[in-house]
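A.B. asks: Quick note, the sequences are listed as chains A and B, same order.
Its first residue numbered 480, the first sequence is counted upward by one per residue in our numbering.
Its first residue numbered 480, the second sequence is counted upward by one per residue in our numbering.
Just so you know, even glycine gets a beta-carbon here, dropped at the ideal spot from N, CA and C.
This is the structure, below, for whatever I ask next.
Number of protein chains: 2
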Amino acid sequence: MSCEKLLRDYLRKRGLRLTHQRELVLSVLHELEAPATAEEIFARVRTRSQNVDISTVYRTLELFQELRLVSGFDAGDGIRRYEHLGVAAPHHHLVCQTCGKSLSVPLAELASLTAYLAETYHFTTDPGGLTLSGVCATCQKA
Amino acid sequence: MSCEKLLRDYLRKRGLRLTHQRELVLSVLHELEAPATAEEIFARVRTRSQNVDISTVYRTLELFQELRLVSGFDAGDGIRRYEHLGVAAPHHHLVCQTCGKSLSVPLAELASLTAYLAETYHFTTDPGGLTLSGVCATCQKA
DNA sequence: CTGGTTGCAAACTTTTTGCAGCGTC
DNA sequence: GACGCTGCAAAAAGTTTGCAACCAG
């Protein structure tokens with residue numbers, strides 16, 4: 480099932496509506512190669528439709544988070560970013576505190592970590608992936 | 480060496496000054512049993528000295544972060560919290576997305592995780608600890 | 001039609017900055 | 001005494017809300 484159909488079903492189930500704005504935001508999320516801020520997503524939406532407001536983007540992102548279509552997180556730099564969860568395999572993020580870029584790690588690779596936390600602390604880690612902060616290879620050299 | 484002496488040395492090394500306000504913030508950080516927001520720290524400082532400004536608290540927390548005395552992070556709820564790193568053993572945080580509380584995990588327990596990320600991705604995780612989000616045992620039952 | 005959704009504008013929260021006076025070293 | 005630091009106030013940045021018009025079902 481395509482992501483658009485998934486959204487339509489989600490919405491119908493809740494008695495909500497599939498609007499042009501929601502389709503636009505979803506489409507922009509698909510294009511992103513990296514997590515983006517609300518402003519960045521808004522800017523991309525704006526290139527396609529001039530009269531969309533940023534408050535609508537915020538409301539849509541919040542809705543998508545409830546629907547588990549999107550994950551919002553802060554890499555520790557105080558800047559909140561959003562990422563599409565639909566198609567791509569879920570993954571963890573390694574965010575560099577120096578340059579701000581982020582690497583992706585498939586969930587499966589850290590399965591032993593999540594299993595350990597579940598066993599020892601009865602703590603279920605986020606199914607959408609975790610955000611780990613540190614310093615990337617490039618910045619370590621510099 | 481006490482934490483206050485450590486701070487004094489840090490400051491001296493940089494040509495900075497040990498002010499009453501900085502001592503106050505450090506002292507409040509010591510009292511905290513859990514990570515706190517800038518506002519919360521400000522409120523505690525305020526009970527002891529009426530004429531301290533919140534901008535000073537922000538400036539002090541930023542300084543302390545540079546000095547690695549404090550770690551600031553966002554558990555994914557969009558709220559930035561600060562925690563003292565000085566005396567206690569460094570640890571990771573498990574933050575519950577449902578109730579907001581956080582568990583601590585000693586760094587040593589997740590040493591294999593950090594080693595794996597270093598080897599495979601040449602990514603050095605934050606020495607002050609990571610923040611992992613998920614759902615705690617109590618909230619899973621509910 | 002009906003009620004969820006939107007754009008607009010304004011409010012709000014959190015954090016940052018400019019500056020003159022103060023206090024540490 | 002020099003210069004870093006502070007309080008105050010104001011600005012900036014990010015996010016939320018109220019409301020009348022709008023439009024998907």
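1) So, helix, strand or coil for B/R496, using DSSP?
2) Under 6 Å Cβ to Cβ from B/F602, same chain only, skipping five residues before and after it: list those, please.
3) According to DSSP, what are the bridge partners of A/R559?
4) If I follow the unbroken beta strand (DSSP E) through A/V584, where does it start and stop?
5) If contact means a Cβ-Cβ distance below 7 Å, which residues of the region 597-608 of chain B contact chain A?
6) Taking a Cβ distance cut-off of 7 Å, strictly less, list which residues of the region 537-559 of chain A are near chain B, in chain order.
7) Is it right to say B/E562 is buried, meaning 16 or more other beta carbons lie within 10 angstroms of its own, or is it exposed?
8) Compare the C-beta of B/G613 against all C-beta atoms of chain A and say whether one is closer than 8 Å.
9) Helix, strand or coil for B/T604 per DSSP?
10) Taking 8 Å as the CB-CB cut-off, is B/L573 touching chain A?
11) Rounded to the nearest angstrom, what separates B/H509 and B/S481 at their Cα positions?
12) Looking at C-alpha atoms only, which residue of A/Y600, A/L564, A/G555 and A/A590 is the closest neighbour of A/C578?
13) Using DSSP with H/G/I as helix, E/B as strand and the rest coil, what is B/L573?
14) Hey, out of B/F543, B/G494 and B/K492, whose CA is closest to B/Q500's CA?
15) Less than 8 Å between the beta carbons of B/L564 and B/L589, yes or no?
16) So with CB distances below 9 Å, who are the chain A contacts of B/L589?
17) At 7 Å on the CB atoms, spell out the chain A contacts of B/A621, in chain order.
18) How long is the line joining the alpha carbons of B/A585 and A/R525, rounded to whole angstroms?
19) Considering just the uninterrupted stretch of the beta strand (DSSP E) at B/T611, what are its terminal residues?
20) Put A/A568 into one of helix, strand or coil per three-state DSSP.
21) Run the proximity test for A/Y595: is its beta-carbon closer than 7 Å to any non-hydrogen atom belonging to the ligand MN?
22) Answer yes if the region 486-493 of chain A comes into contact with the region 520-539 of chain A, meaning at least three C-beta pairs across the two stretches below 8 Å, and no otherwise.
23) Using a Cβ cut-off of 8 Å (strictly closer), state whether A/L564 contacts chain B.
C.D. replies: Considering the structure as presented:
1) Taking the first residue of the second sequence as position 1, residue 496 of chain B is located at position 17. DSSP places B/R496 in coil when its eight states are reduced to three.
2) Working through the second sequence from its first residue, we reach residue 602 of chain B at position 123. If we look at B/F602 and ignore the five residues flanking it on each side, its Cβ neighbours are L596.
3) Position 80 of the first sequence, counted from the start, is the residue given in the question as residue 559 of chain A. DSSP, once it has assigned bridges, lists A/D553 as partnering A/R559.
4) Taking the first residue of the first sequence as 1, we reach residue 584 of chain A at position 105. From DSSP, the beta strand (DSSP E) with A/V584 extends over S581 to P585.
5) Y600, H601, F602, T603, T604 and D605
6) F552, D553, G555, G557 and R559
7) Locating residue 562 of chain B in the second sequence gives position 83, counting from the first residue. Buried, by the Cβ-count rule.
8) To locate residue 613 of chain B, count along the second sequence from 1; it is residue 134. Judged by the 8 Å Cβ criterion, B/G613 is in contact with chain A.
9) Along the second sequence, read from residue 1 onward, the residue named residue 604 of chain B stands at position 125. Residue state, collapsed to three classes: strand.
10) As a working note, residue 573 of chain B is residue 94 in the second sequence. So yes, B/L573 belongs to the interface.
11) As a first step, residue 509 of chain B is located in the second sequence; it is residue number 30 there, counting from the start. As a first step, residue 481 of chain B is located in the second sequence; it is residue number 2 there, counting from the start. Rounded to whole angstroms, B/H509 to B/S481 spans 12 Å at the Cα level.
12) Here residue 578 of chain A is taken as the residue at index 99 of the first sequence, counted from 1. Measuring from the Cα of A/C578, the nearest candidate turns out to be A/G555.
13) Taking the second sequence and counting its residues from 1, one reaches residue 573 of chain B at position 94. If DSSP states are grouped into helix, strand and coil, B/L573 belongs with the strands.
14) Along the second sequence, one-based indexing puts residue 500 of chain B at 21. Closest by alpha carbon: B/F543.
15) Taking the second sequence and counting its residues from 1, one reaches residue 564 of chain B at position 85. Taking the second sequence and counting its residues from 1, one reaches residue 589 of chain B at position 110. For B/L564 and B/L589, no; Cβs fall outside 8 Å.
16) Walking along the second sequence from the start, residue 589 of chain B turns up at place 110. Those within 9 Å of B/L589 in chain A are L592, Y595 and L596.
17) To locate residue 621 of chain B, count along the second sequence from 1; it is residue 142. By Cβ distance, chain A contributes nothing, its closest Cβ being about 13 Å from B/A621, past 7 Å.
18) Here residue 585 of chain B refers to the residue found at position 106 when the second sequence is read from its first residue. Here residue 525 of chain A refers to the residue found at position 46 when the first sequence is read from its first residue. Here residue 585 of chain B turns out to be Pro, not Ala, going by the sequence shown. In a straight line, the C-alpha of B/P585 is about 46 Å away from that of A/R525.
19) Counting from 1 along the second sequence, the entry for residue 611 of chain B is found at position 132. Note on identity: in this sequence residue 611 of chain B is Leu, with Thr being the wrong assignment. Element bounds for B/L611: T610 to V614.
20) In the first sequence, residue 568 of chain A corresponds to position 89, counting from 1. Correct three-state label for A/A568: coil.
21) The ligand MN is not part of the structure shown, which contains no ligands of any sort.
22) no
23) In the first sequence, residue 564 of chain A corresponds to position 85, counting from 1. Cβ-Cβ to chain B under 8 Å: no for A/L564.
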